[in-house]
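Protein chains in written order, with the numbering used here: chain A, 1 to 216; chain B, 217 to 311; chain C, 312 to 647; chain D, 648 to 1188.
For every residue, glycine included, the Cβ atom is placed at its ideal position computed from N, Cα and C.
Shown next, in structure tokens, is the structure this report addresses.
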Amino acid sequence: MSELRSLAVREQFATADQQRETATVGMWVFLVTEVMFFGGLFMTHIVYRLLHTAAFDRGSADMSIVLGSTNTAVLISSSFTMALAVHAAQEGKWRRLAGFLFATMLIGSVFLGIKFAEYYQHYREHQVPGFWFETSDPDPGGLQMFFVYYFAMTGLHALHMIIGIGVLAVLLFRSGLERFTSAYHNPVVIAGLYWHFVDIVWVFLFAIFYLPGLHL
Amino acid sequence: MTEPVVSLKTYTGIFLSLLCLTLATTLLAYLDLGVFNMVIAITIAVIKATLIVAFFMHAMYEFKLVHVILAGGVLWFLILVFLTLGDYLTRGWAK
Amino acid sequence: MNSSSWLRPVAASSVSGEYDAFFWAMVLVCGAVAIGIAIALIYFAIRYRRRSENQLPPQIRVNLAAEVTWIALPFLIFMGMFAYGAKLYLDIERPPENALELYVTGKQWMWKLQHPEGAREINELHVPVGQSIKLNMISQDVIHSFYIPAFRVKQDVLPDRYTTLWFRATKAGEYHLFCAEYCGTKHSGMIGAVYAMDPHEYQVWVDRGAAEGSLSSLGEKMFHQFGCANCHHFDGHGRGPNLQRLYGQTVRISGGGSVTADDTYIRESILDPRAKIVEGFTDLMPTFKGQIAEEQIIQLIAYIRAIGPQPVTGAPQPWIVQPGTTAISGTQPETR
Amino acid sequence: MIGAVEVKPSRTYLDSQEGILSWLLTTDHKRIGLLYVFSITAFFVVGGFFALLMRLELLTPVTDLVSAETYNKLFSMHGIIMVWFFLIPSIPTTLGNFLIPMMIGAKDVAFPKLNLASWYIFNLGGLVTLYALIRGGVDTGWTFYTPFSTSYSTTYVVAAALGIFIAGFGSIITGLNFIATIHKMRAPGMTWFRLPIFIWSHYATSLIFVLATPILAITLLMVGFERILKVGIFDPALGGDPVLFQHIFWFYSHPAVYIMILPGMAVISEIVPAFSRKPLFGYKAVAYSSLGIAAIGFLVWGHHMFVAGQSLYSAMVFSILSYLVAVPSAIKVFNWTATLYKGSVSWDTPMLYAIGFIGLFTIGGMTGLFLAALGLDVHVTDTYFVIAHFHYIMVGGAVMAYLGGVHYWWPKISGKLYPEGLAKLSALIVFIGFNLTFFPQFILGYLGMPRRYAAYPDEFQVLNVLSTAGASILGVGYILPLVYLIWSWKYGKPAGPNPWRATGLEWKTPSPPPQHNFETTPVVTYDAYDYEAMKEELELV
């Protein structure tokens, strides 16, 4: 019964195409809300960068460009395996699908591991606003603001990663039950959209937090 | 419209381009180009994002409504940024 | 207290006449349109009321001429309203050159005012009739808003930078002073009175209140009391920049960029000295955050102002940008 | 009346499943609409109670009934509850949920489970906010201006903000659902320009839900973060800028005003043609004006900040854009009025509400022109003029439209007719009470009485007494419908499928509708409000 139901078109839809397109529209609209959500932080970050340009650059100088660019490459790799997972689902190859989903989760976890290692380093250097923040910077407020945004934005991004890994875990479980076929695999595609979006957010975070301040 | 399928070759090509762009943006950041450092960093980030959206997320192959939604999201973010900056950048003008 | 009429608040400033004329013109235009719509609605509803249960009226769908008219006409009227509103705004917002400058400090829940001659008052403001008054305002805590209905002026008072408000009283009398931005428990108690006085009476009043000395002389006292004079010598050999002839000039700051030495920049330099260091100097100055009250900062600024722009003699300070070069104000973001 | 012959459907959405669980776990958009009715009515009662206490306190110039501290909490909680837990969800989640799928000929919304989830999320948010209220309330005003809310207030700011934050996700889901539904679930033949204006307006509303609400979420997150950790996001002592909060807050909150009024316009655009028996005049202009309001509405937020220390030039840009957004509103008013011309106008209760709406919305809109004029705004902003202005839009507009809509679709929702005479009387009471409450506030504002004052100078007392008197009349006007609608649910006469002889698809199915709305998916062959095409079916001559 449940086997049949997951293959079926849900009752409010007339055709499978209508169902796919509706889900696609829904997901893209959701991603727009995510753009605006992160957008509020990006916008206020831009304003504060203008007001405290020098301090923000000094903050960036404390970031590890090696870890940052490595992590960017790691996350792009996870996007690649996610894309391959979608491809496998479209072809109905559930073993490959499961493999790529697992790989994506694994690479995503590596990203989080590196990220938390960085967080720990900042903690040891007393750079965590609100918990342990000490500085002798000429513009202490500005530098603290840099770290506020750094932690808020990368933290929210990491939260999205964790949710993404959770979603992929559910998909992995369902693919193991052979729930997805070449005819019905929409959840994989939709989850893929989410995963790639989270990747894009990081691409911008990398650009604004890690790249400036290398030549102070 | 039926579901778009992107070939493995395209996926691989995009993946490699993204890695190259990451390397490029990191190396360029070491040069002191003044304000252009930020310009370059953001430009490359936009290119990378576009590649991911267009190919990994299939936006290029999807129906028109998806493009409209995408454009709307970007436009609204820009409205938020530029109308606010309009205040901050012109505060000093008034005399 | 002057009481307002039923429909019109007391009008006692140079802009209140212009304001009221515009306001009532708007009432007339908008009122006419609103009444027109109301009459049309009621007339149609009665004239074309349903005569029989099964009636099918003529099916009119659209009239292009009507649509174009009621899109274009309101648009043009709106643009007129915008233009006049903008003109009035500039009149209200831009102070004239010769204004007498007073200082306002807002705090939960009172207004403190300081006159340049030294008189100080709380929740009261005495001003001469006929003289333009410019208020430089700052808040010690949350956002307040300085509002004198009879003068038709209002300006939020912010905790991080000076905002200004100007008016010229045209009629002697006592007027309400309100805080118009919600600021906490006793927001509705943050009220006071503005006394517009005959200039001679004002002079008498202000002389009586200046027992402690003028604002700038109080500032000079602070200048020594806080030890500013130890570094900011007037011979150019101190560890800090010479503050003579500084006020209103554009100053180069270390790390590139420049800033106008206005009230906001001077205040920032006292509270947060290392944020924008003058070119050629080091970050020796300690912060006075938490040790100095906003009113004292105002006195210091008045002093720096008093020793400020005078006819230039001798070589100019090297860190002062000469007129003609572009520069940004103290409220502006720094650039690299 | 046509359809008076009772054709009882075998099973309606109300009795197709039994038991409380069948309601709490339902994915039927109609039942979810009713669940929302219960929630928002409860919040309206709470918010209205606060309003009543405020008006009673303002009877006298001094703080005698409640202390200033309590008064501040009253207006804050009144604002928070009315804005986020009544006005914003009011029409979209109740009438919108109930009607959108039916109007476009769909079986349900695109994502029924998410729809149910939104109700739970909304109520969770409401409960958290009520928790803040019970623990001692919040005194920041609904606007949460920094640095008061982040550094100075000693009340339950974080809990209140968290409640709104949670409820925001409910809004986002509703908007997302409607967008996907309207794009992808329309019946065969239901093209965009055959859609009722109700759908266009709700589509525009949904765009705002989706584009603006995330900004509210991030703003409240920053406020909470700053309040707990004191890291300086909006604290000037640590390099933050409190005015930046106002920018980002109004980027959400001004469009949110259109979230409240656009669905009201949606309702009026249905009632006016139905009771004039004519197509809505200038259909396309009205349809596009909804989208225009939604889009331009995002570009005007700075008009809340003309005296807040914003740059002069920025203020000019925001002022001119504010006038632009008034154009589409004017288009709507003129077209509604023109629809009555040469119509067959019946004076049923929904039409009374609609005519009242047009009048009051016009006054509310016109006074908005005062506030958009830079120079005029300086004196009247943050006074009772603003209070009167937005209550004319919110209460005279949105609430009147909600009541009108509830009456109009009551026969569809309940299958019963409400008592017409009593309904007309209460519509009249609401209209009179409303004007008596809020018109004096325009004068108070012009005379200079600031808003959010627990005590005020003596000369303002007469007008305040008038306003309080009006509020008590308004209260009676709101209680009446609550009573007789509940009464008619059980004792009202059966309504039949189409008591008004209206044209929408929702009237082509029995009242109350069956579980999946239509026995067979309808095929649409004519425009909205096309009485000519339906002449025979509706027996019109």
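Any Cβ of chain B closer than 8 angstroms to the Cβ of A/GLN90 would place that residue at the interface, and such an atom is present. Look at C/PRO620 here: in three-state DSSP terms it is coil, with no helix or strand label. Apart from sequence neighbours up to five positions away, the residues of its chain that approach C/HIS544 with a beta-carbon distance below 7 angstroms are ASN553, ordered along the chain. Listed in chain order, the non-local C-beta contacts of C/TYR506 below 6 angstroms within the same chain comprise HIS437 and GLU485, local neighbours out to five positions each way being set aside. Shown here for D/LEU1121: same chain residues with a beta carbon closer than 6 angstroms to its own, the five before and five after excluded, namely GLY1080, PHE1081 and THR1084 in chain order.
At the C-beta level, D/SER961 and D/LEU1021 stay beyond 8 angstroms of one another. Of the candidates D/ALA1045, D/GLY1143 and D/SER993, the residue whose Cα lies closest to the Cα of D/PHE1008 is D/ALA1045. At least one CB atom of chain D sits nearer than 8 angstroms to the CB of B/ILE295. Inter-residue distance for A/ALA83 and A/VAL198 is about 14 angstroms (C-alpha atoms, whole angstroms).
Its chain contains LEU193, TYR194 and PHE197 as the residues whose beta carbon lies nearer than 8 angstroms to that of A/LEU31, once the 5 sequence neighbours on both sides are disregarded; these appear in chain order.
If you check each beta-carbon in the region 746 to 758 of chain D against every beta-carbon of chain A, the ones closer than 9 angstroms belong to PRO748, ALA753, LYS754, ASP755, VAL756, ALA757 and PHE758. The beta carbon of A/ALA54 sits closer than 8 angstroms to some beta carbon of chain C.
With a threshold of 8 angstroms between beta carbons, C/LEU387 makes no contact with chain D. In the same chain as C/CYS542, and ignoring 5 residues on each side of it, the C-beta atoms closer than 8 angstroms to its own belong to GLY549, ARG550, GLY551, LEU595 and MET596, in chain order.
Shown here for A/MET105: same chain residues with a beta carbon closer than 6 angstroms to its own, the five before and five after excluded, namely ILE165 and LEU168 in chain order. In this structure, D/SER993 sits away from C/ARG463, with a CB-CB distance that is not shorter than 8 angstroms. Nearest CB-CB separation between B/ASP303 and chain D: below the 8 angstroms threshold.
Between the alpha carbons of A/GLN18 and D/SER686 lies a gap of roughly 33 angstroms. Under the Cβ distance rule, D/VAL1042 does not count among the residues neighbouring chain C, no pair being separated by less than 8 angstroms. With contacts defined as CB atoms closer than 8 angstroms, A/LEU67 and A/GLU125 fail to qualify as a contacting pair. Residues of chain A with a Cβ closer than 7 angstroms to the Cβ of D/ILE865 are, in chain order, PHE37, GLY40 and LEU41. In chain order, TRP1057, SER1061, LYS1063, LEU1064, TYR1065 and PRO1066 place their CB closer than 8 angstroms to the CB of D/SER1135, counting only its own chain and leaving out the 5 sequence neighbours on each side.
For the pair of segments examined, the region 872 to 885 of chain D was found not to touch the region 940 to 949 of chain D: the number of CB pairs separated by less than 8 angstroms stays below three. Exclusion of the five residues before and after D/TYR899 leaves ALA859, ILE862 and LEU863 as the residues of its chain whose Cβ lies within less than 6 angstroms of its Cβ.
As for any alpha helix (DSSP H) of minimum length 4 sitting wholly inside the region 73 to 140 of chain A, the runs are 94 to 124, ordered along the chain. Look at the region 1023 to 1040 of chain D: the residues with a C-beta under 8 angstroms from a C-beta of chain C are LEU1023, ASP1024, VAL1025, HIS1026, THR1028, ASP1029 and THR1030. CA-CA distance, D/PRO889 to C/ARG585, rounds to 22 angstroms. For D/HIS830, the C-beta contacts it makes with chain A under 9 angstroms involve GLU21, THR22 and VAL25, in order along the chain.
Secondary structure at C/TYR414: strand, using DSSP grouped into helix, strand and coil. The Cβ atoms of D/ILE813 and D/PHE856 do not sit closer than 8 angstroms to each other.
With 16 or more other Cβ atoms inside 10 Å of its own Cβ, A/VAL47 counts as buried. Around the CB of C/ALA356, 16 or more other CB atoms lie within 10 Å, so the residue is classed as buried. For the C-beta of B/VAL282, the chain A residues within less than 8 angstroms are, from N- to C-terminus, THR24, VAL25 and TRP28.
If you draw a straight line from the Cα of A/ARG179 to the Cα of A/SER77, it is about 26 angstroms long.
At a cut-off of 8 angstroms between beta carbons, A/PRO212 contacts chain B. Taking C-alpha positions only, D/PRO748 is separated from A/GLY142 by approximately 51 angstroms.
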